[in-house]
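The next block holds one structure in the form of structure tokens; read it before the comments.
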Amino acid sequence: MSRVGQAGFSSAAPGSTVWRNTRPVTVGLIGAGVMGADHARLLSGSVSGARLGGVCDVDETRARRVVEATGARVLPDPFALIADDDIDAVLVASSDPTHEAYVLAAIAVGKPVLCEKPLAPTVDGCQRIIDAETAYGSRLVTVGFMRRYDPGYVELKQALDDGVIGAPLVLHCVHRNPANSPGQPSAAVITNSAVHELDVSRWLLGEEIVEATVHTPRPAAAAGGTADPQLLVLRTASGALVDIEVFVNAGYGYEVRCELVGESGTVELGMPSPTVQRRAGVIARPLAMDWRPRFAEAYRRELQDWVDSVRLAAPAAFSPAATAWDGFAATYLAQACVRALETGAPVTIDLPSRPKLYEP
Ligand SMILES: NC(=O)c1ccc[n+]([C@@H]2O[C@H](COP(=O)([O-])OP(=O)(O)OC[C@H]3O[C@@H](n4cnc5c(N)ncnc54)[C@H](O)[C@@H]3O)[C@@H](O)[C@H]2O)c1
1 MSRVGQAGFS SAAPGSTVWR NTRPVTVGLI GAGVMGADHA RLLSGSVSGA RLGGVCDVDE
61 TRARRVVEAT GARVLPDPFA LIADDDIDAV LVASSDPTHE AYVLAAIAVG KPVLCEKPLA
121 PTVDGCQRII DAETAYGSRL VTVGFMRRYD PGYVELKQAL DDGVIGAPLV LHCVHRNPAN
181 SPGQPSAAVI TNSAVHELDV SRWLLGEEIV EATVHTPRPA AAAGGTADPQ LLVLRTASGA
241 LVDIEVFVNA GYGYEVRCEL VGESGTVELG MPSPTVQRRA GVIARPLAMD WRPRFAEAYR
301 RELQDWVDSV RLAAPAAFSP AATAWDGFAA TYLAQACVRA LETGAPVTID LPSRPKLYEP
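Taking this note's numbering, the leading residue of the sequence shown gets 1, the next gets one more, and so forth.
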């Protein structure tokens, strides 16, 4: 039976603007690490219409630290949290291999679930989620690809969709982190980091990637044996090209760049900081040392949109939210890119056709 119905969160026609539910959405959080703590802070202070009801982490001290600031309960069993009558919706921010079981459990009790990327680390795991959601009969799953909410990416997509730069030809992407854990598997550069560009490329261009090649220069000394940086070159169904330089030991800071070249112009993300410093002989723009300050507004908008969709019991009109299908596609593409990295040869990508539930 649908827990959405039991909780009083009644269903509404997609696109409806009627607020079906006036009481706050009570969210249960699984995973109280870096991302979980950040989501808890946003839910408690910066997102309207929601409250944090319960937190679970295998490391209970982390869960306790998060609830101290919010007044939520610590629940030791994640499956009990998902089934708890007080919890309306579930936010999964635990480590990657745990996502599938929690998302499936949320679907089994009919609760909306926002799952941090990846939906699941394997294509088979994503497929099981797609099958479960399809059997349930309506969409409950959102995947945390927050760049779709970043004001810069949104404006870039708007310019493309408005025809300002003509039809797209090339999308240049750069994704740099200051440092990563030594000995990180080379595949993780793709599955943890470049996966954001894989999702945002599909979303921006509105079409699928059909071929991938991964080039590697000699590895950076700081990478400790990991193939880093990597250059992914992707071809889309219409023949546009996407290049992604991903460099997770770049040393100097966290930076994301993106420029879309069209038939009659280009559009690119602006500078990451709104201020310019002049000091000690340089003109400089400050850079964050990790992704959270850069995408703070995107995380806030993503959570607000999700909470609104739970209250409406339908996706908000024009929501850019990533569905379980987008999560499947991202893992499918990432795995194809890993094969391209390992073989050094182009890999043809034949994404299965989109199930009816996920048609726009
Ligand atoms: N969207 C983004 O930009 C973004 C950025 C970073 C991380 N992530 C994703 O968010 C998730 C969390 O990443 P993080 O950086 O917070 O990692 P983290 O290691 O800081 O936190 C993960 C937490 O999950 C807990 N955990 C592990 N197994 C668990 C289980 N079985 N049940 C409950 N809790 C469990 C750990 O104790 C830890 O507190 C990962 O899936 C990661 O890929 C997304």
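For glycine and all other residues, C-beta sits at the position ideal for the given N, C-alpha and C.
Less than 9 Å separates the beta-carbon of Val-67 from that of Leu-52. Of the candidates Glu-342, Ala-120, Val-210 and Ser-201, Ser-201 places its Cα closest to the Cα of Leu-171. The shortest C-alpha to C-alpha distance from Val-246 to any of Arg-23, Ala-329 and Ala-187 is the one to Ala-187. Going by C-alpha positions, Phe-79 is about 7 Å away from Tyr-102. In this structure, ligand 1 has no non-hydrogen atom nearer than 8 Å to the beta-carbon of Pro-229. C-alpha of Thr-70 to C-alpha of Arg-339: approximately 44 Å in a straight line.
Sequence-distant Cβ neighbours of Asn-177 in its own chain, meaning closer than 8 Å and more than five residues away, are Ser-193, Phe-247, Val-248, Asn-249, Ala-250, Tyr-254, Asp-290 and Trp-291. Judged by DSSP secondary structure, Leu-104 falls within the alpha helix (DSSP H) whose first and last residues are 99-108. Checking the DSSP bridge columns, you'll see Glu-197 has no partner listed.
With a cutoff of 8 Å, Val-256 does not count as near ligand 1, since its C-beta is closer than that to no heavy atom of the ligand.
Taking a cut-off of 8 Å for Cβ pairs, the region 226-243 and the region 139-152 do not touch, as fewer than three such pairs fall below it. Counting only the Cα atoms, Thr-216 lies some 42 Å from Ala-135. For the pair Val-310 and Pro-151, the CB atoms are not nearer than the 9 Å cut-off. Under DSSP, Val-92 takes part in a beta bridge, and its partners are Ile-30 and Cys-115. In this model, Arg-65 and Gly-36 are separated by some 11 Å (Cα to Cα). Close CB contacts of Arg-62 within its chain, under the 7 Å cut and outside five residues either way in sequence, are with Ala-32 and Gly-33 (chain order). In the three-state DSSP reduction, Phe-328 falls in the helix class (H, G or I).
Selection Glu-211, Ser-94 and Asp-161 evaluated against Gly-344 yields Glu-211 as nearest (Cα-Cα). With a contact defined as Cβ atoms closer than 8 Å, Val-109 and Ala-83 qualify at about 6 Å. In this chain, Gln-184 is not harboured by any beta strand (DSSP E), its DSSP state being neither H nor E.
For Ile-209, the enclosing beta strand (DSSP E) begins and ends at 209-215.
By a beta-carbon distance limit of 8 Å, Tyr-299 contacts Leu-42. Their separation comes to about 6 Å. For the options Val-58, Ser-46, Thr-236 and Asp-86, the alpha carbon positioned closest to that of Arg-23 is the one of Asp-86.
For Cys-126, the shortest separation between its Cβ and any heavy atom of ligand 1 does not lie below 8 Å.
Setting aside the 5 residues that flank it on each side, Phe-328 is surrounded in the same chain by Leu-119, Val-123, Cys-126, Gln-127, Ile-129 and Ile-130, each with a C-beta closer than 8 Å to its C-beta; the list follows chain order.
Counting the other CB atoms within 10 Å of its CB gives Phe-295 a total of 16 or more, which places it among the buried residues. Taking the CA atoms as reference points, Ala-313 sits about 48 Å from Gly-225. Within 8 Å of the C-beta of Arg-62 there is at least one heavy atom belonging to ligand 1. DSSP places Pro-78 within a helical segment (H, G or I) once states are collapsed to three.
Secondary structure in the region 120-150: the beta strand (DSSP E) runs of 3 residues or longer, each lying completely within the stretch, are 141-144 in chain order.
Taking non-hydrogen atoms of ligand 1 into account, the C-beta of Ser-181 is found less than 8 Å away from none of them. Contact check for Thr-236 and Glu-208: beta-carbon distance about 7 Å, within the 8 Å limit, so the pair qualifies. DSSP places Val-256 in the uninterrupted beta strand (DSSP E) bounded by 255-262. Of the residues assessed, Gly-262 falls on the buried side of the cut-off, its CB having 16 or more other CB atoms within 10 angstroms. For Glu-297, the enclosing alpha helix (DSSP H) begins and ends at 296-312.
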